[in-house]
Amino acid sequence: LLFLCLAAYLSAGSAMEMNQTSKLLADNLEQCSACDYREHSKLMRLHSIKSQILSILRLEQAPNISRDMIRQLIPKAPPLTQLLDQYDPRVEDEDRATTETIITMATKPIHFTQDELSSCCLFSLSPKIQPKNILSAQLWVHLRPTSTVNTVFLQVCRLSLDKEGNSTRIRVRSLKIDTDAGSSSWQS
């Protein structure tokens, strides 16, 4: 008899605890839905910002670069600070014209066939930049390390479209670069 009463008391106590727990869970779910909305909004804003940055950089996806890769490449990168100092946009020349340094990354051409431009990189400038105002440009190429000594032929061309939409290459410069085995380098 004592055992049954105790069991009934314990199960009644458990029922009260479960009701309190259920109430707390329901309150937390209401808070969590608000938290979930805030978290979802935050993630959507971050995704939008990332998309805008990638669009400005003319990239389809974020580059897959690890911290180790950055440590390897940055010390060997071209002296960007020297270039920026050399072409400092804050310094005005005698004609009151300002110089501007623009750094752009290569993209794969979309509107050309693979056979036409088998190993081509395309540099697109903003429509705000008028080609007649460009005084000089410098192209830096990073050559990855290879297991053997290689010779790389680099051809810099300007693409122009004729009235029919066909592309013509106008050769600007050709380079022959000999590479050492196992070492990467930046070439200009």
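For the sequence shown, the residue numbers in mature numbering (1 follows the signal peptide of the UniProt record, and there is no 0) are -15 to -1, 1 to 173. Glycine included, C-beta positions come from ideal geometry on N, C-alpha and C.
Per DSSP, reduced to three states, the secondary structure at Asp163 is strand. Thr131 is positioned such that its CB atom lies no closer than 8 Å to that of Phe108. Under the three-state reduction of DSSP, Cys142 is assigned to strand.
Rounded to the nearest whole angstrom, the CA to CA distance from Leu44 to Ser33 is 14 Å. Cβ-Cβ separation between Arg129 and Ser169: approximately 5 Å, consistent with a contact (criterion under 8 Å). Distance check between Lys113 and each of Phe138, Lys35, Lys148, Ile87 places Ile87 closest, using alpha-carbon atoms only. Rounded to whole angstroms, the gap between the alpha carbons of Gln46 and Leu39 is 7 Å. DSSP places Trp171 in the uninterrupted beta strand (DSSP E) bounded by 170 to 172. Inclusion of Thr164 and Val137 in the CB contact set at 8 Å is warranted, their separation being smaller than that value.
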